[in-house]
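Protein chains: 2
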Amino acid sequence: MQGKEEIYNYSGSLNEVWRLLNDQERMLLRHNAFIQHFKKNQQIYCEGEEPKELMCLLKGKVKIYKEGIGGRSQIIRIIKPIQYFAYRAYFAREKYLTDAAAFEPSTVCLIPMKVVTEIMKHNYNVCKFFIRQLSLDLGIADERTVNLTQKHIRGRLAESLVFLIDSYGLEEDNTINIYLAREDLANLSNMTTSNAIRTLSTFVSEKIITLDGRKIKVIDEEKLRKISKLG
Amino acid sequence: MQGKEEIYNYSGSLNEVWRLLNDQERMLLRHNAFIQHFKKNQQIYCEGEEPKELMCLLKGKVKIYKEGIGGRSQIIRIIKPIQYFAYRAYFAREKYLTDAAAFEPSTVCLIPMKVVTEIMKHNYNVCKFFIRQLSLDLGIADERTVNLTQKHIRGRLAESLVFLIDSYGLEEDNTINIYLAREDLANLSNMTTSNAIRTLSTFVSEKIITLDGRKIKVIDEEKLRKISKLG
DNA sequence: TTACAGCCATGTTTTATAACACAAAAGTAG
DNA sequence: CTACTTTTGTGTTATAAAACATGGCTGTAA
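If you read the sequences in order, they're chains A and B. Taking this note's numbering, the leading residue of the first sequence gets 1, the next gets one more, and so forth. Taking this note's numbering, the leading residue of the second sequence gets 232, the next gets one more, and so forth.
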């Protein structure tokens, strides 16, 4: 499940942050970072848990979500490789407020937060990196609040699809590069599963997408973006 | 409207950050910070504008909000003295995504972001301060997303009232220490003005609060918190 | 093979909330 | 003081979305 050797295979890809480090700092990371693999749907961390490590998704797809009222869960954001996550709670000196789980088999590099902050003390660029990430995350969260509360179902679902396209991209045949259960799509869009299914169907009848099981092929991306934008 | 002398009257209260600085850094701030006064309902910054200064609210009350679909605006967060704001966009290297306006006559200290980042380069504690603030803000935003989307009207309004109590406090007679138009209360709670008014009325009939114009007196705070929590 | 669980899909009913309409009250300007 | 705008309050109607119910499909396990 975890190993320190494996880090060498990936260390080139931790890029963004890696570039900001000197040799000594890189060495420190190499000695303290470790890899974990997660199965499909496996939990990565839970709400209420004490945050200890910075995580970087190397392979796979991860959802950050919250269990809301009456079992309904809300996907807050999604992570793609190579992306850092799980740092907010530690920086805020709080427990985790969210849960994280793997959409599909995923590989995560974990770095003890103590090591990260040790480096930050002497490396302004790493500080700057996290400040930027947090600021971007906060901007996205603010946008999302308004979109989820004010857009109608069609707009919210369209937005989620656009979001998935922008995050994970399209294959050559315009299939969205992630296969989500209808329930996940619903949780991403703040609606019931029934309504996600229904609304997908109307998108099909409007020739905006086609469906083949969980494969979503985008026919009219422009129209999709328009629906997403206008609510 | 602005003055550099006035900064001396307040510099003691910029506390949190002030404490983290050495004499030279404090001098730098004193020479570059300036004060602006804002009238009731006056805009402080607008969406799309280029962020240039860090702001610190010295006196008054400020709302950060977004204009959503169809003129409906959503209050994202509220600021109380002494609190820093307006830093997210600069750190993210974006334009402002939100608007800010004064609820009531307010005094703001502005510090050029260039000066702030200059200090941050050599002062890890100031970096840490902003990382912490951003992390706290992000946590609040995540919570808020779920609360606004999943709670019912009563829960959302109760939550707003609790939020106002926790932010601005109660006077000796249990009056919430801010006088908001029903419309602002609605925008804070993601509902129409009519429904804010209606729901306030039912809270009165349930002896949870009493109303006298815009004065809201809290009778049963526990019950209010319970409604807020249970949605 | 059958039985069963987990997704999909779709039709019907119910309900929360927005939208609308209209007064009354309060604040503001001339 | 009067006219006028803005805010507040309430009743009614319309509607978006949830809740519920049911059935089909697919894969899996006995």
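Backbone N, C-alpha and C define an ideal beta-carbon position, used for all residues, glycine too. In this text, all values refer to a predicted model and were calculated from it rather than measured experimentally.
DSSP places T199 of chain A in the helix class (H, G or I) of the three-state scheme. For K270 of chain B, the closest of B:L419, B:N356, B:A333 and B:E374 by C-alpha to C-alpha distance is B:A333. In the three-state scheme derived from DSSP, where H, G and I count as helix and E and B as strand, K226 of chain A is classed as helix. Per DSSP, the continuous alpha helix (DSSP H) segment holding G139 of chain A begins and ends at Y124 to Q150. When Cβ pairs closer than 8 Å are counted between the two stretches, the region 168-184 of chain A is seen not to touch the region 141-150 of chain A, the count staying below three.
According to DSSP, residue pairing for L54 of chain A in a beta bridge involves A:I111. Against chain B, a Cβ distance below 9 Å from E94 of chain A picks out S366, L367 and G370.
Using a CB distance cut-off of 7 Å, Y276 of chain B does not count as an interface residue toward chain A.
The C-alpha of G139 of chain A lies about 8 Å from the C-alpha of R319 of chain B.
E402 of chain B sits in coil when the DSSP states are folded into three classes, being neither helix nor strand. Partner residues in the beta bridge of S337 of chain B, as assigned by DSSP, are B:F269.
Contacts with chain A (Cβ-Cβ distance below 7 Å) from the region 296-315 of chain B involve K297, G299, I300, R303, Q305 and I307, listed in chain order. In this structure, V162 of chain A places its C-beta atom within 7 Å of the C-beta atom of S228 of chain A.
The alpha-carbon separation between C56 of chain A and L442 of chain B amounts to approximately 51 Å. Selection B:I300, B:Y399 and B:K326 evaluated against K151 of chain A yields B:I300 as nearest (Cα-Cα). Rounded to the nearest whole angstrom, the CA to CA distance from I219 of chain A to R156 of chain A is 18 Å. Those residues of the region 352-366 of chain B placed with their C-beta closer than 7 Å to a C-beta in chain A are K352, Y355, C358, F361, I362, R363, L365 and S366, ordered along the chain. Between G444 of chain B and K292 of chain B, the alpha-carbon positions lie close to 19 Å from each other. For G444 of chain B, no CB of chain A lies under 7 Å from its own CB, so it is not counted at the interface with that chain.
At least 7 Å separates the CB of V116 of chain A from every CB of chain B. Rounded to whole angstroms, the separation of the alpha carbons of S304 of chain B and N426 of chain B is 15 Å. Residue state for R319 of chain B is assigned as helix, using DSSP reduced to three classes. Taken through DSSP and simplified to helix, strand or coil, D415 of chain B comes out as helix.
Taking all protein chains in view, the Cβ of N418 of chain B is crowded by 16 or more other Cβ atoms within 10 Å, so the residue is classified as buried. Put simply, of A:E67, A:K128, A:I216 and A:K95 the residue whose alpha carbon is nearest the alpha carbon of E16 of chain A is A:K128.
According to the DSSP assignment, L442 of chain B belongs to the beta strand (DSSP E) that extends over I440 to D443.
Secondary structure at R308 of chain B: strand, using DSSP grouped into helix, strand and coil.
Under the three-state reduction of DSSP output, E25 of chain A falls in the helix class. When the five nearest sequence neighbours on each side are left out, the beta carbons in the same chain lying within less than 6 Å of the beta carbon of P81 of chain A are those of L57, L58 and K59, in order along the chain.
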